[in-house]
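Enquirer:
Residue numbers (our numbering): 31 to 182.
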């Protein structure tokens, strides 16, 4: 995709992004059950054009009420595997809990932007927008639902 904007004074902004290719999470199986505080190993197919991958947990329902974002990030990874500890959300008093996990594949522009913000808090240090500040990027995602139960 290409972005080109020109205002009434002739100032121009230009940027481009290539959407990463579709991919799938290969492990664990969708609908699998894990005990709270156990390690969950994730793996996924490579996505063509991905700069980084981010593994996270969608926050919904009562979880979202206690957070200012609807996606809880667990970190950025350059590989196609990651592990995290499954845990029950103390704000949701249901047990077992069905939680949605996502892997996001960011293009190189969005990856560079996230890296620069995360490293020095300096937004737009790595902007891919010519004639201005900001990021014009893209991503694709795959998700699965896991059931988390109390540890016995």
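Built from N, CA and C at the ideal position, the CB exists for glycine as well.
Give a yes or no on whether the C-beta atoms belonging to residue 50 and residue 137 are separated by under 7 Å.
Expert: Contact flag set, yes.
Enquirer: Please list, in chain order, all residues of the same chain as residue 115 whose beta carbon is under 8 Å from its beta carbon, the five residues on each side excluded.
Expert: Only 67, 68, 69, 70 meet the Cβ criterion.
Enquirer: Alpha carbon to alpha carbon, what distance is there between residue 132 and residue 99?
Expert: For residue 99, the pLDDT reaches just 49, beneath the cut-off of 50, and the residue's location in the model is therefore unreliable, although a value from the coordinates is still provided. Distance between the alpha carbons of residue 99 and residue 132 is about 15 Å.
Enquirer: Can you give the Cα-Cα distance for residue 134 and residue 39, rounded to whole angstroms?
Expert: Spanning the two alpha carbons is a distance of roughly 38 Å.
Enquirer: Residue 63 and residue 177 look like a contact to me (Cβ under 8 Å); what is the Cβ gap, rounded to whole Å?
Expert: With a Cβ gap of about 4 Å, residue 63 and residue 177 count as contacting.
Enquirer: What residues in its chain sit with their C-beta under 7 Å from that of residue 169, if we drop five residues either side in the sequence?
Expert: Counting only Cβ-Cβ distances below 7 Å, and skipping sequence neighbours, we find 50, 134, 135, 136, 137, 140.
Enquirer: Tell me which residues share the same chain as residue 45 and place their Cβ nearer than 7 Å to its Cβ, disregarding the 5 neighbours each side in the sequence.
Expert: These residues qualify, in order along the chain: 33, 158, 159, 160, 166.
Enquirer: Where does residue 140 sit, in a helix, a strand or coil, going by DSSP?
Expert: Residue 140: helix per DSSP, three-state reduction.
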